[in-house]
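Worksheet for the structure shown next.
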Amino acid sequence: VPAATPAPLGCDDPESEAAAEVAVNYINDHSRHGYKFALNRIKNIRVLRQELNNDVIFLELDLLETTCHILSPTPLANCTVRSFKEHAVEGDCDVKLQKLDGKFSVLASKCHSHADSSEDVLQLCPECPLLASLNNTEVLTTVTAALSDHNSKTAGAYLRLLEIGRARIQHRPVHIISVEFAVAATNCSAAEAKDNGKACQLLPDDQSNFGFCTATQVTQPSQDLRVDCQLYGHQVPTADVPLFSRPGVIYSQQGQDTS
Amino acid sequence: TVAKRAVAEVAQHDKVPRPVGFVPPAPPCPGKIRHFKI
Numbered sequence: 071v072p073a074a075t076p077a078p079l080g081c082d083d084p085e086s087e088a089a090a091e092v093a094v095n096y097i098n099d100h101s102r103h104g105y106k107f108a109l110n111r112i113k114n115i116r117v118l119r120q121e122l123n124n125d126v127i128f129l130e131l132d133l134l135e136t137t138c139h140i141l142s143p144t145p146l147a148n149c150t151v152r153s154f155k156e157h158a159v160e161g162d163c164d165v166k167l168q169k170l171d172g173k174f175s176v177l178a179s180k181c182h183s184h185a186d187s188s189e190d191v192l193q194l195c196p197e198c199p200l201l202a203s204l205n206n207t208e209v210l211t212t213v214t215a216a217l218s219d220h221n222s223k224t225a226g227a228y229l230r231l232l233e234i235g236r237a238r239i240q241h242r243p244v245h246i247i248s249v250e251f252a253v254a255a256t257n258c259s260a261a262e263a264k265d266n267g268k269a270c271q272l273l274p275d276d277q278s279n280f281g282f283c284t285a286t287q288v289t290q291p292s293q294d295l296r297v298d299c300q301l302y303g304h305q306v307p308t309a310d311v312p313l314f315s316r317p318g319v320i321y322s323q324q325g326q327d328t329s
Numbered sequence: 003t004v005a006k007r008a009v010a011e012v013a014q015h016d017k018v019p020r021p022v023g024f025v026p027p028a029p030p031c032p033g034k035i036r037h038f039k040i
């Protein structure tokens, strides 16, 4: 006898929220670029009964980018959702889960992230700086100068750039470039790095130490660079998802697809 | 000439009487917005 069709779930039902929480944690755990995303809205949920105590669930989720980089150990619950005025980034995700004997597991997920439209931001906040392309010349110059400035002043490990997370440019009343980027400690001290003979390598996974930097560069009316880098300390890497395999510069572009 | 007829108000007595305190069920989806809508 076919299993009775389950009663349709509402998007705000506790069971839907529990499934969405599993889905969002899965998406963040399996992403290696950009920022952590938080649930903003459950757009739709469909339940297909396979057999007793075995359902397949299709979720459509609206997520919002938080201020925590994906490598940050900060629990998602403590990550602030980026405000509208900071030029928010939204994620649209379709997730397929299985609920077997009351336990959810993700079978597949596909997400597309995109920044809010500039018109929307400027309509509410005409003076707010907008997201800039991550390979914008001023952005790259600011990131390079900020990392170099940090490495020249630190007594700790020499840091290498992993990826630029986001950048915004304000044009008035002063010209300011704001950047955020992920870094990793190398096996050199800053002093050793100055000695070009030594090739500084990222630390192996069992000693990896990632961090995050924010910087602002005022270019007019005067030059002023401010940099703040924080290392997270060693974290045990997630076994089944390779961390950054090489230190090259990876641009996490808004408007990217992940599956 | 073709004139668009206003839809006649449904006569009060046509409406299905609702029990006192009736709260229409919340639309199942989409769910609530937790932060803000882009």
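Those protein sequences? They're chains A and B, same order as listed.
Per this note's numbering, numbering through the first sequence is continuous, rising by one, with the last residue being 329.
Per this note's numbering, numbering through the second sequence is continuous, rising by one, with the last residue being 40.
Ideal Cβ placement from N, Cα and C applies to all residues, glycine included.
Spatially closest choice to residue i from the options, by CA coordinates
i: A/D82; options: A/G281, A/L129, A/E121; result: A/L129
i: A/S292; options: A/F280, A/V244, A/G161; result: A/V244
i: A/S278; options: A/G303, A/V117, A/T289; result: A/G303
i: B/P32; options: A/E250, A/D294, A/Y96, A/R116; result: A/R116
i: A/I97; options: A/L131, A/E121, A/N123; result: A/L131
i: A/R152; options: A/L141, A/K169, A/L133; result: A/L133
i: A/Y228; options: A/T212, A/L201, A/A263; result: A/A263
i: A/V253; options: A/V288, A/S222, A/P84, A/V213; result: A/V213
i: A/V209; options: A/I247, A/C283, A/E197; result: A/I247
i: A/C283; options: A/N257, A/L200, A/C299; result: A/C299
Under 8 Å by beta carbon: chain B residues contacting residue i
i: A/A158; result: F38, I40
i: A/K113; result: C31, P32, G33
i: A/D186; result: I40
i: A/V151; result: H37
Neighbouring residues, chain B, relative to residue i (Cβ below 7 Å)
i: A/C81; result: P30, C31, P32, G33
i: A/P274; result: Under the 7 Å cutoff, chain B gives no residues; its nearest Cβ is about 39 Å from A/P274.
i: A/F154; result: F38
i: A/L134; result: H37
i: A/P145; result: Neighbours of A/P145 on chain B: none; closest Cβ ~17 Å, over 7 Å.
i: A/P78; result: P30
i: A/N110; result: I35, R36, H37
Endpoints, alpha helix (DSSP H) assigned at residue i
i: A/V191; result: 188-194
i: A/N221; result: 207-223
i: A/D99; result: 84-99
i: A/E347; result: For chain A, the structure presents residues 71 to 329; residue 347 of chain A sits outside this window and is missing.
Counted within 10 angstroms of its Cβ, other Cβ atoms place residue i as buried (16 or more) or exposed
i: A/P312; result: With a pLDDT of 48 at A/P312, under the threshold of 50, the modelled position of that residue is not reliable, and no figure is offered here.
i: B/R36; result: exposed
i: A/V297; result: buried
i: A/S86; result: buried
i: A/N110; result: buried
i: A/D171; result: exposed
i: A/D186; result: buried
i: A/A89; result: buried
i: A/V176; result: buried
i: A/D125; result: buried
i: A/H139; result: buried
i: B/P19; result: exposed
i: A/L12; result: Only positions 71 to 329 of chain A appear in the structure, and residue 12 of chain A is not among them; the question remains open.
i: A/H220; result: buried
The beta strand (DSSP E) enclosing residue i, as first and last residue numbers
i: A/L229; result: 227-240
i: A/F174; result: 173-185
i: A/T284; result: 279-290
i: A/T136; result: 124-139
i: A/L109; result: 105-121
i: A/V297; result: 294-304
i: A/V159; result: 159-170
Contact with chain C by residue i, beta-carbon distance below 8 Å
i: A/V288; result: In the structure shown, chain C cannot be found, because the protein chains are A and B.
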